[in-house]
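Colleague:
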Amino acid sequence: MKLFRIPVAVLIAITLTLSALPSFAAEEAVVKEVEVVSLNTATAEELADALDGVGVTRAELIVQYREENGSFSSVEELLEIKGIGVATLEKNKSRIQL
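With mature numbering (1 follows the signal peptide of the UniProt record, and there is no 0) applied, the sequence shown covers -25 to -1, 1 to 73.
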């Protein structure tokens, strides 16, 4: 009978330990909404707030480029802005609309 008690005690200990751990399946996933911004209408402040790795100074360059060259026809035109490279563009493609 002693041989039966030890495995049962171990099983109970494991069950209690596992029940104390957080349940990842039961928790809802927290999804951060991605803010979408228009390159052709947004202010510098809106661009800086919405785009990752783009501060106010760079956002002002985007607005200046838009004023000098007209509306953006593709997101890849952002590569013409000093300080915006491929990595920054790729990080923000889902946040940009024309």
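Glycine is no exception: its CB is placed at the ideal position from the N, C-alpha and C atoms.
No experiment lies behind these values; they were computed from the predicted model shown.
How should Leu54 be labelled, buried or exposed, when 16 other C-beta atoms within 10 angstroms of its C-beta is the threshold for buried?
Modeller: Under this definition Leu54 is an exposed residue.
Colleague: What first and last residue would you give for the alpha helix (DSSP H) that runs through Ile37?
Modeller: Start and end: 31 to 44.
Colleague: Once you ignore the five residues that flank Glu51 on each side, which residues in its own chain have a CB closer than 8 Å to its CB?
Modeller: These residues qualify, in order along the chain: Leu64.
Colleague: Short check: CB of Leu26 to CB of Leu73, under 8 Å?
Modeller: Their beta carbons are not under 8 Å apart, which means Leu26 does not touch Leu73 by this criterion.
Colleague: Within 10 angstroms of its Cβ, does Asn44 collect 16 or more other Cβ (buried), or is it exposed?
Modeller: Classification of Asn44: exposed, given that the 10 Å Cβ count is below 16.
Colleague: Classify Ile(-14) as helix, strand or coil using the three-state DSSP reduction.
Modeller: Ile(-14) falls in the helix class under three-state DSSP.
Colleague: Hey, Glu20 and Val12: beta-carbon distance below 8 Å or not?
Modeller: In this structure, Val12 does not lie closer than 8 Å to Glu20 by Cβ.
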